[in-house]
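*Asks:*
Number of protein chains: 4
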Amino acid sequence: MLIVMQAHATDEQVRAVCQKIEGLGYRAHAIPGAERTAIGLTGNQGEVEPAALEEMPGVQEVIRVTKPYKLVSRDIKPDNTVIRFAGTDATIGGPELAIIAGPCGIESREQAFAVAERVARAGAQFFRGGAYKPRTSPYSFQGLGEKGLQIMAEVREMFGLRIVTEAIDNESLELVDEYADIIQIGARNMQNFSLLKRAGRARKPVLLKRGMSATLEELLMAAEYIMSEGNYNVILCERGVRTFADHTRNTLDLSLIPAVQRLSHLPIVVDPSHGTGKRNKVTPMSRAAVAVGADGLIVEVHHQPDKALSDGMQSLYPDQFDELMVQVRQIAPVVGRTARSAVTPQPSAV
Amino acid sequence: MLIVMQAHATDEQVRAVCQKIEGLGYRAHAIPGAERTAIGLTGNQGEVEPAALEEMPGVQEVIRVTKPYKLVSRDIKPDNTVIRFAGTDATIGGPELAIIAGPCGIESREQAFAVAERVARAGAQFFRGGAYKPRTSPYSFQGLGEKGLQIMAEVREMFGLRIVTEAIDNESLELVDEYADIIQIGARNMQNFSLLKRAGRARKPVLLKRGMSATLEELLMAAEYIMSEGNYNVILCERGVRTFADHTRNTLDLSLIPAVQRLSHLPIVVDPSHGTGKRNKVTPMSRAAVAVGADGLIVEVHHQPDKALSDGMQSLYPDQFDELMVQVRQIAPVVGRTARSAVTPQPSAV
Amino acid sequence: MLIVMQAHATDEQVRAVCQKIEGLGYRAHAIPGAERTAIGLTGNQGEVEPAALEEMPGVQEVIRVTKPYKLVSRDIKPDNTVIRFAGTDATIGGPELAIIAGPCGIESREQAFAVAERVARAGAQFFRGGAYKPRTSPYSFQGLGEKGLQIMAEVREMFGLRIVTEAIDNESLELVDEYADIIQIGARNMQNFSLLKRAGRARKPVLLKRGMSATLEELLMAAEYIMSEGNYNVILCERGVRTFADHTRNTLDLSLIPAVQRLSHLPIVVDPSHGTGKRNKVTPMSRAAVAVGADGLIVEVHHQPDKALSDGMQSLYPDQFDELMVQVRQIAPVVGRTARSAVTPQPSAV
Amino acid sequence: MLIVMQAHATDEQVRAVCQKIEGLGYRAHAIPGAERTAIGLTGNQGEVEPAALEEMPGVQEVIRVTKPYKLVSRDIKPDNTVIRFAGTDATIGGPELAIIAGPCGIESREQAFAVAERVARAGAQFFRGGAYKPRTSPYSFQGLGEKGLQIMAEVREMFGLRIVTEAIDNESLELVDEYADIIQIGARNMQNFSLLKRAGRARKPVLLKRGMSATLEELLMAAEYIMSEGNYNVILCERGVRTFADHTRNTLDLSLIPAVQRLSHLPIVVDPSHGTGKRNKVTPMSRAAVAVGADGLIVEVHHQPDKALSDGMQSLYPDQFDELMVQVRQIAPVVGRTARSAVTPQPSAV
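Chains as they are written, first to last, in the numbering used here: chain A, 1 to 350; chain B, 351 to 700; chain C, 701 to 1050; chain D, 1051 to 1400.
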């Protein structure tokens, strides 16, 4: 921590701040400058509450230096975290791009199977779909609940896809942990610390979406909450932030990817569907996300978007998703990645 | 809903949209203009998923017209909601300003009593204090939990103050509903819909803080969640939003107050402590909040801010709070309000 | 400047940074901490380009400490700047609130006189009106140009009001400097540095509006540009910033007022008309602006808002402005201010 | 334009609004809905000032429908604008990516030549460099002025690169129009309408940077200003917008690219240097910009970034730029583009 004194601060004020710091059990280092004195504070193990210092006479500003996160940091673990799933070669954070695709919400067995069949064939390794939907309006479709989870478990059996679905409270997290392969924490719950702690005690990896106005540091601290409870398998997700810009539903902040990768060992994927809110921007932004170096994509696909009960406007048609995969596959090698091939349908035996 | 066609849309495209609308069970009204045609959609009871229409050939834009909230709206209830508390004449939403004051977190019985004694004397009717603290870091002080609630219940007995404290999950909400007079839902949980529904089934009024990047409509929809479960006693709270501005911790958006009052019958209070994050801005912004027409204030006060375990930088000293009340009392009548007088300490009998 | 080293930085890397700093002619102060070392840089007179240091091996972050402004700062001039106008007792920055009112654009002599008569009578000392209008569309009304300035000069003669009007380039600034009493620089030109320098060589005071996404520091640096050319009469103006919030045209950031007053000796006024963009929010936010401690208001008033060529939606009717002045007059004393009385119309001689 | 009436609006209020609309010379179309009536307004050629309507009794909201731009729109010109330069095969908006590279500011002939030689060799067709620098501080390096322009003209002769440089006022625009090949209008001047009009009368193409908080529509309207004066050669540029995010200097909004391409025929390039403000993010975001479909890049390169007089932190080393070009060249074909090859240095004749 650095305490910057005012230009006219007296020697006595500087001394008082130094004494205060030492009284709190830290060490003070006065650095006299041409215009003003700054005082370094060292010896702290974690955060120091700046209140004691900021309001002292002669103090202009208090600047925090030490970053508050530990377990998410590359300082602790220099190598990338690669998340593996038993019984499959799919990974997140490894050389192969992780492609997560599926409808916004699970609406029926038929719908889930129709979409799953197509995304599996196109090369996705993971199936997404909401059983518990956090909707802005209490009068909108809220998801099928446990029934939706059961349908997704069937999808896993049938198509070999790993399942990603959102938990919205402790009760649903319990069930998601049981049925799914990855527990999603949504943007609106990124700072629901009670839920984060519960997810930290779950057995399954957690996909943590960035909050709508979360800074990089807040996102990492939310991951720290999960890790501090013992669950080290956290996947970060950029899904757009809220700005004044109105040509997209959110502003997808792709520069977060290299910024996270510099500070943290955790994998990070991009959600271009919520990140733009418009179907015609999903494929261009997916290309960009792979090009910037993301570890994967999470994309909404629906076989009948105009009949979707939610998010139809941003869901791709299966043919568009096929095309997205074709393009992504071409960009992957430029960033040292591979992308899974589409499955050629076997000619049925006569 | 209004569907705006492209300038070059053909008559056939216009017709196709109209037929689609009617196929969905609504009525279509084509409005040919000088440059383009717009099509009004009526007959819907609630929200229409725009996906079906937005991607049709010739469609440029779909504009939603009907507001999605009902119970919070002045359309339903033209008169202001006034919240009353048994056994006291304190109200929120009535002519008297509601003043809620106290420390960020309950740290001990001594601290709570020291602060409560001062804020009661200064004219506050409500005591705030966190027993469950949502902190950005898992390594920061997380609150005393139920012990904190018990201390607050003692504060009520001793000083006659009504108690406001935050619930962070279903478990803590249960306890807060039992011990406190008002259940606070924090900014980070404004769209924790599971918690909102649970609060809607609680017996006590709910103070709902605006999320860090919530629009007016989202705030009202969050209140709608609570009301849709049967709890009509909701108090809204502006506590600053996140912007690029860095001279305060958040940007306090006082224009929300008249905007809410135009659309909704619910009372709204202002939190200048979180709204600015700096002690020296709390009193000026409190004056402004009262002048703009807020129904009350929620202010952090600590008898020893430089020893506070959280939010010390934005907590007022008790003497500063006395002065704030003096100023607020002078502004109240300009907006047709009253503010409670300070209690003159009785000379102790000899 | 403070250079924060990475947790794993070697002693050699720390030494290299210190040597680099000293090679640039400054002094280096290494401050070893529990987790990492920070290095203070002193001896600089102004800004140091951080590039040389930020990319050195082992460096995590470079934090700037010295503020880049000089002339605007209270460090240089502790007392408030009070701007006076020859031939009148009107001031800006003194104890009397400065009230600037008038139409968005000067449309005709009749319009200007009709509005001026009413605002003068209500207690305004300054008349605003655009002769050069920066409009988002090239096809919108662009102002009357010099003809508008002449009308405003007549307003001064007739009603004793001082004239405030916007300059949009060097040519118009020349004319505004000649005709008006205060040269306005609009929000869109806050970082038009060429225009700022030209305004710094003008004879008249400059009213500088905060840019739509300007930080406090950028606003002060823009004022510094004007002052660095010799014109010390600068009035700052908060007029709302751009955020995600959509219930007002801009988000009026009233906390800027106390923040500016802490750092700078320059007066600051508030524009609630552009700050909200909605007529029904102008009076509440005017009350709030005075309550927070602003030195004055700049308000749009039109005698026929529904026929205004620009900004009709946010212009007050003259009767509304009368009422605004009544309310503002009641709040002023709470913050140690006075506000001019309305002029009682003299009975005309028979 | 659509006028939405309140739920409780009376028939008389609806009639009054219709009569008002017709009194203004337009046509009114009442559309009664289940909950409320909406009134369509048609017959307008351009923008209608909504003030006359918004404040009428019973009116809830006025929604604008017609877009205010004409010349920039694909409605007027469906085919992409391709900008050509006499005496070279370089284009902007054609199938070949336009690569603009060079230092932030022209500091000396030596510096300019050293950088130009490297960027030409790497495959750039355009050379950027500031002769007039808009700096936040009046005490920072402000550029070499006309001397800088002369150096750039020499660069063109020597290396065959087309020259891009910024004009900051009418005087410098005159000179830039004379010396350079493309006139840059900086982000801070995007709504300096006087400068835009002057640029509209220049002979050279204009590269128009998006303002720090400009919406898509405002950017297009700024281009409309230039085009409305007769200069149809406008290149748009995304360079990052201001948000709360603090891990980059600005937030690069790549979704603007497909959004612009849908509405406008004008080419659009991306500036990842200002868009991120950090050297280590320039190459990843350049890859993303090409992948999303931008028509080109504008990148800061300096042969000695740590000695740069401005923007050193975000300038690439020439070797890094070589590598950027290698990567970009691999991504271009995925989006149907080509990128120029690096020039293999000829062995000098013995």
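Ideal placement from N, C-alpha and C gives every residue a C-beta, glycine not left out. Owing to the predicted nature of the structure, the values given are computational and were not obtained by experimental measurement.
1. Specify whether the region 1364-1374 of chain D and the region 1162-1172 of chain D touch according to this definition: at least 3 beta carbon pairs, one from each stretch, less than 8 angstroms apart.
2. Return no unless some Cβ of chain A is closer than 7 angstroms to the Cβ of D:Ser1305.
3. Can you pull the chain G neighbours of B:Asn630, defined as C-beta to C-beta under 8 angstroms?
4. Restricting to runs no shorter than 3 residues, where is the beta strand (DSSP E) found entirely within the region 811-885 of chain C?
5. Between the region 589-604 of chain B and the region 557-574 of chain B, can you find at least three pairs of beta-carbon atoms closer than 8 angstroms?
6. Alpha carbon to alpha carbon, how far is C:Gln713 from C:Met705? Give it in angstroms, no decimals.
7. Taking the C-alpha atoms as reference points, what is the distance between A:Ala153 and A:Ile163?
8. D:Ala1101 versus chain C: which residues are under 7 angstroms apart at the beta carbon?
9. Relative to the alpha-carbon of C:Ile792, which residue among C:Thr976, C:Val970 and C:Ala1008 has its alpha-carbon at the smallest distance?
10. What is the rounded straight-line gap between the Cα of C:Glu880 and the Cα of C:Lys897?
11. List, in order along the chain, the chain B residues whose C-beta lies closer than 8 angstroms to that of C:Ser913?
12. Ends of the beta strand (DSSP E) at D:His1079?
13. State the start and end residues of the unbroken alpha helix (DSSP H) segment that holds B:Ala743.
14. For B:Leu374, which of A:Val334, A:Lys307 and A:Thr81 has the nearest alpha-carbon?
15. So D:Gln1175 packs on D:Ala1140, CB below 8 angstroms; how close in whole Å?
16. Considering only their Cβ atoms, is the gap separating A:Ala291 from A:Ile235 smaller than 7 angstroms?
17. I'd like to know if A:Asp181 contacts chain C, where contact means its C-beta is closer than 7 angstroms to some C-beta of that chain.
18. Report the rounded CA-to-CA distance for B:Val700 versus B:Phe509, giving the unit in angstroms.
19. So, do the region 626-633 of chain B and the region 966-986 of chain C have three or more beta carbon pairs nearer to each other than 8 angstroms?
20. With H, G and I counted as helix, E and B as strand and the rest as coil, what does DSSP make of D:Thr1087?
21. According to DSSP, simplified to helix, strand and coil, what is C:Leu907?
22. Using a threshold of 7 angstroms, state whether the C-beta atoms of A:Gln314 and A:Ser273 are closer than that.
23. If you count every other CB in all the chains shown that lies within 10 Å of the CB of B:Thr360, and 16 or more means buried, which is it?
24. Rounded to whole angstroms, what's the CA-CA distance from C:Glu878 to C:Glu871? Just pull it up for me.
25. Determine whether the beta carbon atoms of D:Thr1409 and D:Ala1080 lie at a separation below 7 angstroms.
26. Nearest-angstrom Cα distance between B:Phe491 and B:Gly452?
27. How close, in whole Å, do the beta carbons of A:Ala133 and A:Ser310 come, if the pair is a contact with beta carbons under 8 angstroms?
28. D:Ile1126: buried (16+ other C-beta within 10 angstroms of its C-beta) or exposed?
29. Ends of the alpha helix (DSSP H) at C:Glu722?
30. Which residues in chain A sit within 7 angstroms of C:Pro965, going by Cβ to Cβ distance?
31. Starting from D:Gln1388, follow its DSSP beta bridges and name the residues at the other end.
32. Quick one: which residues of the region 1210-1241 of chain D get their C-beta closer than 7 angstroms to a C-beta of chain C? List them in chain order.
33. Less than 7 angstroms between the C-beta atoms of B:Ile456 and B:Ala472, yes or no?
34. Less than 7 angstroms between CB atoms is the rule here; does D:Thr1388 satisfy it with respect to chain A?
35. If A:Glu224 sits next to A:Lys70, beta carbons under 8 angstroms apart, how far is it from one beta carbon to the other, in whole angstroms?
36. D:Asp1129: buried (16+ other C-beta within 10 angstroms of its C-beta) or exposed?
*Replies:* The relevant details are as follows:
1. yes
2. Start at 1 with the first residue of the fourth sequence, and residue 1305 of chain D comes out as number 255. Yes, because at least one Cβ of chain A sits closer than 7 angstroms to the Cβ of D:Ser1305.
3. Of the protein chains in the structure, A, B, C and D, none is chain G.
4. Here the runs fully enclosed are 826-828, 862-866 and 882-885.
5. yes
6. What you label residue 705 of chain C is simply residue 5 of the third sequence in a count that begins at 1. What you label residue 713 of chain C is simply residue 13 of the third sequence in a count that begins at 1. Looking at the two C-alpha atoms, the distance is approximately 9 angstroms.
7. Here residue 153 of chain A refers to the residue found at position 153 of the first sequence. Here residue 163 of chain A refers to the residue found at position 163 of the first sequence. Spanning the two alpha carbons is a distance of roughly 7 angstroms.
8. Locating residue 1101 of chain D in the fourth sequence gives position 51, counting from the first residue. Going along chain C in sequence order, the residues near D:Ala1101 (Cβ under 7 angstroms) are Pro1005, Asp1006, Ala1008, Gly1012 and Met1013.
9. On the third sequence, residue 792 of chain C is found 92 positions in, with the first residue counted as 1. Ranking C:Thr976, C:Val970 and C:Ala1008 by Cα distance to C:Ile792 puts C:Val970 first.
10. The sequence position of residue 880 of chain C within the third sequence is 180, counting from 1. The sequence position of residue 897 of chain C within the third sequence is 197, counting from 1. Note that residue 880 of chain C corresponds to Ala in the displayed sequence, not to Glu. Going from the Cα of C:Ala880 to the Cα of C:Lys897 covers about 18 angstroms.
11. In the third sequence, the residue the question calls residue 913 of chain C occupies position 213. Chain B residues near C:Ser913: Phe594.
12. For this step, residue 1079 of chain D is matched to residue 29 along the fourth sequence. It spans Arg1077 to Pro1082 - the beta strand (DSSP E) in which D:His1079 sits, taken as one unbroken run.
13. Only positions 351 to 700 of chain B appear in the structure, and residue 743 of chain B is not among them; the question remains open.
14. Locating residue 374 of chain B in the second sequence gives position 24, where the first residue counts as 1. Here the closest residue by C-alpha is A:Lys307.
15. On the fourth sequence, position 125 is the one that residue 1175 of chain D refers to. On the fourth sequence, position 90 is the one that residue 1140 of chain D refers to. The Cβ separation is near 4 angstroms, so the contact holds.
16. The residue labelled residue 235 of chain A in the question sits at position 235 within the first sequence. The residue labelled residue 291 of chain A in the question sits at position 291 within the first sequence. The answer is no: Cβ separation not under 7 angstroms.
17. Position 181 of the first sequence holds residue 181 of chain A. Contacts with chain C at 7 angstroms (Cβ-Cβ) do not include A:Asp181.
18. In the second sequence, residue 700 of chain B corresponds to position 350, counting from 1. In the second sequence, residue 509 of chain B corresponds to position 159, counting from 1. Residue placement at B:Val700 cannot be trusted, given a pLDDT of 44 that sits under 50; the coordinates are not used to answer.
19. no
20. Residue numbering aside, residue 1087 of chain D sits at position 37 when the fourth sequence is read from its first letter. Of the three classes helix, strand and coil, the one that applies to D:Thr1087 here is strand, per DSSP.
21. Start at 1 with the first residue of the third sequence, and residue 907 of chain C comes out as number 207. Of the three classes helix, strand and coil, the one that applies to C:Leu907 here is strand, per DSSP.
22. By 1-based counting over the first sequence, the position of residue 314 of chain A is 314. By 1-based counting over the first sequence, the position of residue 273 of chain A is 273. Yes, these two residues count as a Cβ contact at 7 angstroms.
23. By 1-based counting over the second sequence, the position of residue 360 of chain B is 10. It counts as exposed.
24. The residue you call residue 878 of chain C lines up with position 178 of the third sequence. The residue you call residue 871 of chain C lines up with position 171 of the third sequence. Using only the alpha carbons, I get a separation of about 11 angstroms.
25. No answer is possible for residue 1409 of chain D: it lies beyond the span of chain D, which begins at 1051 and ends at 1400.
26. Your numbering for residue 491 of chain B matches position 141 in the second sequence. Your numbering for residue 452 of chain B matches position 102 in the second sequence. Whole-angstrom Cα-Cα distance: 17 angstroms.
27. Stepping through the first sequence from its first residue, residue 133 of chain A is reached at position 133. Stepping through the first sequence from its first residue, residue 310 of chain A is reached at position 310. Going by the sequence as given, residue 133 of chain A is Lys instead of Ala. Correct: roughly 6 angstroms between the Cβ atoms.
28. By 1-based counting over the fourth sequence, the position of residue 1126 of chain D is 76. The residue in question, D:Ile1126, is exposed, as its Cβ has fewer than 16 Cβ neighbours within 10 Å.
29. Within the third sequence, the letter at position 22 stands for residue 722 of chain C. Annotation for C:Glu722: the continuous alpha helix (DSSP H) segment containing it runs Asp711 to Gly723.
30. Numbered from its first residue, the third sequence carries residue 965 of chain C at position 265. Note that residue 965 of chain C is His in the sequence shown, not Pro. Per Cβ cutoff of 7 angstroms: no residues; C:His965 is ~14 angstroms from chain A at best.
31. Against the fourth sequence, residue 1388 of chain D aligns to sequence position 338. Here the sequence assigns Thr to residue 1388 of chain D, which means Gln is not the residue at that position. Paired residue(s): D:Glu1146.
32. Ile1218, Asp1219, Asn1220, Arg1238, Asn1239 and Gln1241
33. Looking up residue 456 of chain B in the second sequence gives position 106. Looking up residue 472 of chain B in the second sequence gives position 122. Taking 7 angstroms as the Cβ cut-off, B:Ile456 and B:Ala472 do not qualify as a contacting pair.
34. Against the fourth sequence, residue 1388 of chain D aligns to sequence position 338. Output row for D:Thr1388: interface = no.
35. Counting from one through the first sequence, the residue named residue 224 of chain A turns up at place 224. Counting from one through the first sequence, the residue named residue 70 of chain A turns up at place 70. Sure, about 7 angstroms apart at Cβ, within 8 angstroms.
36. Position 79 of the fourth sequence holds residue 1129 of chain D. It counts as exposed.
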